[in-house]
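In our numbering, the protein residues as written are 450 to 611.
From the three backbone atoms N, C-alpha and C, an ideal C-beta is built for every residue, glycine too.
Heads up, the thing below is written out as structure tokens.
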Amino acid sequence: MKRVAVNDPVAMRRKGKIQYRKGDYRSAFEYYTRAAELGDAAAQYELGRLYEFGKGVEKDEGKAIHFLEEAAIGGHPNARNRLGLIEWNIGNTERALKHFFIAAKLGESDSIKMLMEAFRNGQVSKDELAAALRAHQAAVDATKSPQREVAEEYDRRMGLRK
């Protein structure tokens, strides 16, 4: 790929995703690392996941959290949700909810499920949940476009999305 050769972080991340889908996690790690070094939040998220599950690298929770935090700071909604899940699983509910609220405002759907569970447990008020739902829907609506749908279909055909 020409764009990989000129250090295009999006191209490197896509190449990493292709390698990941082939099961070549070490190569995926190398492409994600190059893209992450150039500030690509999605690549930082993918690196976090590789470290979290030990694919292509030795499992390292500290490095996983580091890369997920970098991605979340870069605005990656899935990274923000993942951080929330990590905090939730260790019983740090207050921090988890903060991550879930931010992820919901970025349009991340799984965070809504967690906020609904927290609501059922009495950890989130009805007003807080309603505000999160409105913000989530606004984010989702803001990202809809015919061009995005074409791009997502292309990614599915190329094996970059499920």
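| Asked | Found |
| --- | --- |
| Given residue 575, which residues of its chain have a CB within under 8 Å of its CB, disregarding the five upstream and five downstream residues? | 568 |
| Among 526, 532, 601, 543, which residue has its Cα nearest to the Cα of residue 512? | 532 |
| Only counting the same chain, and skipping five residues up and downstream in sequence, which positions put a Cβ closer than 7 Å to that of residue 452? | 460 |
| Select from 478, 470, 466, 549 the residue whose C-alpha is nearest the C-alpha of residue 536. | 549 |
| Please report whether the beta-carbon of residue 607 lies at a distance below 8 Å from any beta-carbon of chain B. | Judged by its chain identifiers, the structure shown contains no chain B, having just a single protein chain. |
| Check residue 565 in the structure and name its three-state DSSP category. | helix |
| Are the beta-carbon atoms belonging to residue 517 and residue 480 less than 8 Å from one another? | no |
| Leaving out the 5 sequence neighbours to the left and right, which residues in its chain are closer than 7 Å to residue 545 when beta-carbon positions are compared? | 533, 536, 537 |
| For residue 511, name the three-state secondary structure that DSSP assigns. | helix |
| Per DSSP, what kind of secondary structure is residue 434 in: helix, strand or coil? | As shown, the chain starts at 450 and ends at 611. That puts residue 434 outside it, with no answer to give. |
| Does the beta-carbon of residue 478 have 16 or more other beta-carbons within 10 angstroms, so that it is buried, or is it exposed? | buried |
| Put residue 533 into one of helix, strand or coil per three-state DSSP. | helix |
| Can you tell me the Cα-Cα spacing of residue 530 and residue 578, whole angstroms? | 16 Å |
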